[in-house]
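Participant: In the order they appear, the protein sequences are chains A and B.
Numbers 28 to 280, taken from my numbering, label the letters of the first sequence in order.
Numbers 369 to 773, taken from my numbering, label the letters of the second sequence in order.
C-beta: ideal position from N, C-alpha, C; glycine also.
Treat the numbers as computed from the prediction; the structure is a model and nothing was measured.
For reference, the structure I am asking about is given below.
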Amino acid sequence: MNTVIQLQDIHKTYHTGEVDVHAVRGVSLEVSQGEFVALMGASGSGKSTMMNIIGCLDRPTGGKYLLDGIDVSQLDRDELADIRNQKIGFVFQGFNLLSRTSALENVELPMLYARQRRAGPSQRERALKALDAVGLADRADHKPNQLSGGQQQRVAIARALSNDPSLLLADEPTGNLDTRTSADIMGVFQKLNDQGMTLVMVTHELDVAQYTKRMVVMRDGKVVSDTPVAKRLIAETELRRLQEEQKAAQLAY
Amino acid sequence: MRYFVILKVAFRALRRNKLRTALTMLGIIIGVGAVIAMVGIGNGAKAQVQARIAALGQNVIMVFSGSVNRGGVFTGFGGAGTLTVEDALAMEKEVPGVSAVSPEVRSGAQIMAGNNNWSTSVMGEGVGYLTIRQWDLEDGAMFTDADVRAAAKVCVLGKTTADKLFPEDDPVGKTIRIKNVPMKVLGVLKAKGASMFGSDQDDTILVPYTTGMKRFAGVTTLRSINVQAATAEQMTEVQNGIAELLRQRHRIQPGRDDDFLMRNQQEIAEAMSATTEVMTALLAAIASVSLLVGGIGIMNIMLVSVTERTREIGIRMAVGARGRDILLQFLIEAVALSSTGGVLGILSGVGGAKLITMIKNWPTLVSPQSIIIAFAFSAAVGVFFGFYPARKASQLDPIDALRYE
């Protein structure tokens with residue numbers, strides 16, 4: 028198996044005023060291709076900082092980070108931007124779609140910033156394919172405000188996939204969604220994972236983490252546990268169960 | 369990122385907030401429009417002055433009889449009465465670079481033609497006068513050297529005089545009476561309009577200077593001599609030649625003042641052009657201030673826009689936009705704003721200049737150069753005032769930008 032993420036003794040210290048804040052104190056972690064990892068922890072545990080470092084939005088102050096075999100801990104702003112563009116797909120809690128911009132154009136956004144134009148199908152075709160993969164091909168012309176929360180998150184996932192990244196990084200992707208829609212989105216992730224995509228998801232909800240394959244828990248800037256998920260939830264089964272519960276509730280009235 | 373895409377994104381952003389875009393553009397529209405219209409007015413005035421100066425003739429030197437001091441009493445210019453026909457003929461023969469000479473005498477007279485009469489100035493001139501003044505005939509012919517030698521009773525009418533004396537018929541071939549002397553009309557001059565001092569140049573009658581001296585002015589000396597230099601470069605040389613010749617002919621001792629005086633139309637032209645140029649520069653400077661204010665408006669709105677769209681910038685950076693991509697996006701937005709305003713400003717400036725011409729009857733001249741400069745300047749305003757906000761956007765931290773609410 029290829030190693031996608033290789034973190035070696037990562038440190039991150041913020042200099043705010045007179046006090047140095049050690050957000051991350053020596054994290055070592057490896058994630059192989061095809062894994063589905065939940066990065067968990069309470070707020071202040073350093074998981075968001077880790078997320079920013081893994082996502083190449085920020086650089087560690089100490090340690091080494093290899094992404095797809097490339098040492099990204101010493102790259103400058105522009106080089107990090109290119110890495111984000113080519114290797115990483117982001118899914119955020121607040122969806123972060125461009126408003127008043129169609130779903131299709133949102134999906135095309137990472138392609139606009141690609142340094143090398145790709146051979147093969149056109150930008151538009153690839154964007155449509157990505158939308159199709161999340162089941163929204165028929166909503167391509169809709170603006171974000173014409174879509175439900177779950178649909179918006181699907182568009183965001185399609186956008187994350189548009190440059191064929193090696194890693195999909197999700198930051199509390201279900202934080203703004205209800206249980207049913209959450210299960211729905213986790214289903215999309217599980218499907219992608221089945222197809223071989225590597226996923227890292229930051230969350231503080233244990234039930235959402237149950238859909239992944241591996242749970243990494245952080246506390247005070249350190250990894251305190253790293254275990255495989257024992258009773259893994261399958262989104263399809265959960266959705267069916269939720270539907271039946273709903274029906275039962277309606278019958279009870 | 370391809371430029372076409374950036375342009376598309378910029379225009380979409382501008383369309384998103386139409387009222388704000390329009391108001392920001394208005395600053396540039398007014399600025400550019402004012403510059404175009406003001407420079408148009410200035411250039412129009414300059415062109416008019418130049419046309420009037422050109423109407424005086426090309427490379428013309430006017431030699432006047434000077435002032436003399438007779439026992440402590442100064443006469444005015446022309447009072448010396450020292451210029452003679454011989455002086456004029458000597459100039460034509462002896463001064464190099466002289467292409468035409470016309471001796472001039474003037475007298476006012478009441479002129480009669482049939483039942484009509486008109487008072488105007490009778491100008492005794494040489495045959496070369498029309499060449500010197502670049503004045504064409506509308507009808508008929510100029511008098512000839514033979515007429516001058518014979519002091520013939522012939523004349524050529526200015527357009528105004530011709531219209532006053534012969535409201536209905538063709539004057540050529542008719543006879544008019546000047547101070548009771550019957551004179552045959554040989555031709556009518558084309559209209560030349562007002563001189564730059566405001567007098568009607570067409571209100572005149574030309575007669576051979578010999579006729580003028582003998583029959584009307586009753587003088588033996590000339591009022592002035594009109595001299596034309598062959599080229600503009602020879603003006604100084606000709607002027608010096610004339611001065612030397614006249615001092616010698618009038619036996620003026622070295623160290624004594626000239627008894628004549630020279631004027632050339634270049635001097636007048638330069639003074640007049642300088643005045644209109646100062647006026648144009650002043651108008652343009654005032655108008656430029658409004659362009660500057662328009663630019664500041666763009667900077668202000670771009671700064672607001674960067675703040676409002678911090679999250680968008682964060683998203684773009686997260687998916688791989690480099691700082692330069694963001695810089696370019698906002699810069700192009702500012703330039704699109706200012707140059708669109710520039711184009712509209714040019715249109716309104718040209719329209720405004722036309723309107724001023726229509727309403728106020730001022731001549732305006734909008735040159736292609738001023739349009740090109742105005743457009744380039746408005747684009748430059750966009751770059752200059754858009755750069756700081758764009759740079760600010762490009763230097764945002766993606767993490768902070770994404771978190772911005």
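Anyone know if the C-beta pair for I479 of chain B and I724 of chain B falls short of 8 Å?
Facilitator: Position 111 of the second sequence, counting from 1, holds the residue named residue 479 of chain B. Position 356 of the second sequence, counting from 1, holds the residue named residue 724 of chain B. For I479 of chain B and I724 of chain B, no; Cβs fall outside 8 Å.
Participant: I want to see whether chain C comes within less than 8 Å of D768 of chain B, judged by CB atoms only; does it?
Facilitator: In the structure shown, chain C cannot be found, because the protein chains are A and B.
Participant: Of all the options B:P550, B:A721, B:L614, which has the alpha carbon lying nearest to the alpha carbon of D626 of chain B?
Facilitator: One-based indexing of the second sequence puts residue 626 of chain B at position 258. It is B:L614 whose Cα lies nearest to the Cα of D626 of chain B.
Participant: Identify the continuous beta strand (DSSP E) that holds N29 of chain A and give its terminal residues.
Facilitator: Taking the first sequence and counting its residues from 1, one reaches residue 29 of chain A at position 2. If you look at N29 of chain A, you'll find it isn't in any beta strand (DSSP E); DSSP assigns it neither H nor E.
Participant: Where does E635 of chain B land, buried or exposed, given buried means 16+ other C-beta within 10 angstroms?
Facilitator: Translated into positions along the second sequence, residue 635 of chain B becomes position 267. Counting Cβ neighbours within 10 Å, E635 of chain B comes out exposed, since fewer than 16 surround it.
Participant: Quick one: grab the DSSP three-state call for R474 of chain B.
Facilitator: To locate residue 474 of chain B, count along the second sequence from 1; it is residue 106. In this structure, R474 of chain B counts as strand in the three-state DSSP scheme.
Participant: With DSSP run on the structure shown, which of helix, strand or coil describes R690 of chain B?
Facilitator: The sequence position of residue 690 of chain B within the second sequence is 322, counting from 1. R690 of chain B falls in the coil class under three-state DSSP.
Participant: Per DSSP, what are the beta-bridge partners of M670 of chain B in this structure?
Facilitator: Along the second sequence, read from residue 1 onward, the residue named residue 670 of chain B stands at position 302. For M670 of chain B, which the question treats as bridged, DSSP gives no partner whatsoever.
Participant: Any idea if N79 of chain A is buried or exposed, counting beta-carbon neighbours within 10 angstroms, 16 or more meaning buried?
Facilitator: One-based indexing of the first sequence puts residue 79 of chain A at position 52. Classification of N79 of chain A: buried, given that the 10 Å Cβ count is 16 or more.
Participant: Helix, strand or coil, according to DSSP, for V429 of chain B in the structure here?
Facilitator: Counting from 1 along the second sequence, the entry for residue 429 of chain B is found at position 61. The identity of residue 429 of chain B in the sequence shown is Ile, whereas the question assumes Val. Look at I429 of chain B here: in three-state DSSP terms it is strand.
Participant: Can you give me the C-alpha to C-alpha distance between D538 of chain B and R474 of chain B, rounded to a whole angstrom?
Facilitator: On the second sequence, residue 538 of chain B is found 170 positions in, with the first residue counted as 1. On the second sequence, residue 474 of chain B is found 106 positions in, with the first residue counted as 1. About 26 Å.
Participant: Taking G508 of chain B as part of the beta strand (DSSP E), name the residues at either end of that continuous run.
Facilitator: Numbered from 1 along the second sequence, position 140 holds the residue referred to as residue 508 of chain B. Element bounds for G508 of chain B: 505-508.
Participant: For R111 of chain A and A686 of chain B, which I take to be in contact (beta-carbon distance under 8 Å), what is that distance rounded to the nearest angstrom?
Facilitator: For the purposes of this step, residue 111 of chain A is taken as the residue at position 84 of the first sequence. For the purposes of this step, residue 686 of chain B is taken as the residue at position 318 of the second sequence. Contact between R111 of chain A and A686 of chain B holds: their C-beta atoms lie close to 6 Å from each other, under 8 Å.
Participant: Are the stretch 38-52 of chain A and the stretch 208-215 of chain A touching, with three or more C-beta to C-beta distances below 8 Å?
Facilitator: no
Participant: Whose C-alpha, out of A:V54, A:V48, A:G68, is nearest the C-alpha of M228 of chain A?
Facilitator: Start at 1 with the first residue of the first sequence, and residue 228 of chain A comes out as number 201. The shortest C-alpha separation from M228 of chain A is found at A:G68.
Participant: For L226 of chain A, return the contacting residues in chain B, with the cut-off set at a CB-CB distance below 8 Å.
Facilitator: Locating residue 226 of chain A in the first sequence gives position 199, counting from the first residue. Those do not exist, as L226 of chain A stays about 17 Å from chain B at its closest Cβ, beyond 8 Å.
Participant: If you check the beta carbons only, do V553 of chain B and L525 of chain B fall under 8 Å apart?
Facilitator: Stepping through the second sequence from its first residue, residue 553 of chain B is reached at position 185. Stepping through the second sequence from its first residue, residue 525 of chain B is reached at position 157. Taking 8 Å as the Cβ cut-off, V553 of chain B and L525 of chain B qualify as a contacting pair.
Participant: Look up D205 of chain A in the DSSP assignment and say whether it is helix, strand or coil.
Facilitator: Your numbering for residue 205 of chain A matches position 178 in the first sequence. In the structure shown, D205 of chain A adopts coil according to DSSP, grouped into three states.
Participant: Under a three-way DSSP split, which group does M245 of chain A fall into?
Facilitator: Position 218 of the first sequence, counting from 1, holds the residue named residue 245 of chain A. M245 of chain A: strand per DSSP, three-state reduction.
Participant: Would I757 of chain B and V661 of chain B qualify as a contact pair, given that the criterion is a beta-carbon distance under 8 Å?
Facilitator: The residue you call residue 757 of chain B lines up with position 389 of the second sequence. The residue you call residue 661 of chain B lines up with position 293 of the second sequence. Reading the sequence as shown, one finds Pro at residue 757 of chain B and not Ile. No, these two residues do not count as a Cβ contact at 8 Å.
Participant: Compute the Euclidean distance between the alpha carbons of I610 of chain B and C523 of chain B, then round it to the nearest angstrom.
Facilitator: One-based indexing of the second sequence puts residue 610 of chain B at position 242. One-based indexing of the second sequence puts residue 523 of chain B at position 155. Cα-Cα distance, rounded: 29 Å.
Participant: Quick one: grab the DSSP three-state call for R153 of chain A.
Facilitator: Locating residue 153 of chain A in the first sequence gives position 126, counting from the first residue. Correct three-state label for R153 of chain A: helix.
Participant: With respect to the beta strand (DSSP E) encompassing M551 of chain B, which residues constitute its N-terminal and C-terminal limits?
Facilitator: If you number the second sequence from 1, residue 551 of chain B lands on position 183. Note, M551 of chain B: beta strand (DSSP E), 549-557.
Participant: Among the residues of its own chain, which have a CB less than 8 Å from the CB of R545 of chain B, if the five just before and after it don't count?
Facilitator: As a first step, residue 545 of chain B is located in the second sequence; it is residue number 177 there, counting from the start. Excluding sequence neighbours, R545 of chain B sits near I479, M480, A481, M551.
Participant: Among the candidates A:K170, A:A185, A:N172, A:D198, whose CA atom is the shortest distance from the CA of E152 of chain A?
Facilitator: One-based indexing of the first sequence puts residue 152 of chain A at position 125. Comparing Cα-Cα distances from E152 of chain A to each of A:K170, A:A185, A:N172, A:D198, the minimum goes to A:A185.
Participant: Check the Cβ of E676 of chain B against every Cβ in chain A and list those closer than 8 Å, keeping chain order.
Facilitator: What you label residue 676 of chain B is simply residue 308 of the second sequence in a count that begins at 1. Those within 8 Å of E676 of chain B in chain A number zero; the least Cβ separation is about 11 Å.
Participant: Count the other C-beta atoms from every protein chain shown that fall within 10 angstroms of the C-beta of Y371 of chain B, then say buried if there are 16 or more, exposed otherwise.
Facilitator: Translated into positions along the second sequence, residue 371 of chain B becomes position 3. Exposed: under 16 other Cβ atoms inside 10 Å.
Participant: What residue range is occupied by the uninterrupted beta strand (DSSP E) comprising G90 of chain A?
Facilitator: Numbered from 1 along the first sequence, position 63 holds the residue referred to as residue 90 of chain A. Its beta strand (DSSP E) spans residues 89-94.
Participant: Compute the Euclidean distance between the alpha carbons of I397 of chain B and I573 of chain B, then round it to the nearest angstrom.
Facilitator: Within the second sequence, numbered from 1, the residue matching residue 397 of chain B stands at position 29. Within the second sequence, numbered from 1, the residue matching residue 573 of chain B stands at position 205. A straight-line Cα-Cα distance of about 53 Å links I397 of chain B and I573 of chain B.
Participant: Quick one: residues in its chain with C-beta nearer than 7 Å to the C-beta of L124 of chain A, no 5 flanking neighbours on either side, listed in chain order?
Facilitator: Within the first sequence, numbered from 1, the residue matching residue 124 of chain A stands at position 97. N133, P171, Q179, V182, A183.
Participant: Is there at least one Cβ from chain B nearer than 8 Å to R104 of chain A's Cβ?
Facilitator: As a first step, residue 104 of chain A is located in the first sequence; it is residue number 77 there, counting from the start. By this cut-off, R104 of chain A is an interface position.
Participant: Grab the span of the alpha helix (DSSP H) containing T488 of chain B for me, first residue to last.
Facilitator: Translated into positions along the second sequence, residue 488 of chain B becomes position 120. No alpha helix (DSSP H) contains T488 of chain B, which is instead part of the beta strand (DSSP E) from 484-493.
Participant: Anyone know if the C-beta pair for G412 of chain B and T732 of chain B falls short of 8 Å?
Facilitator: Looking up residue 412 of chain B in the second sequence gives position 44. Looking up residue 732 of chain B in the second sequence gives position 364. Yes, the Cβ-Cβ distance between G412 of chain B and T732 of chain B is below 8 Å.
Participant: Could you check whether the Cβ of D234 of chain A sits closer than 8 Å to any Cβ belonging to chain B?
Facilitator: Within the first sequence, numbered from 1, the residue matching residue 234 of chain A stands at position 207. Answer no: the Cβ-Cβ gap between D234 of chain A and chain B never drops below 8 Å.
Participant: On the DSSP bridge assignment, give the partners of M67 of chain A in chain order.
Facilitator: Mapped onto the first sequence, residue 67 of chain A falls at position 40. The partner list for M67 of chain A (beta bridge, DSSP) reads A:T230, A:V244.
Participant: For F117 of chain A, which residues from the same chain have a beta carbon less than 6 Å from its beta carbon, with the 5 sequence-adjacent residues on both sides left out?
Facilitator: In the first sequence, the residue the question calls residue 117 of chain A occupies position 90. By the criterion of a C-beta distance shorter than 6 Å, F117 of chain A is surrounded in its chain by A187, L196, once the five residues flanking it on both sides are discounted.
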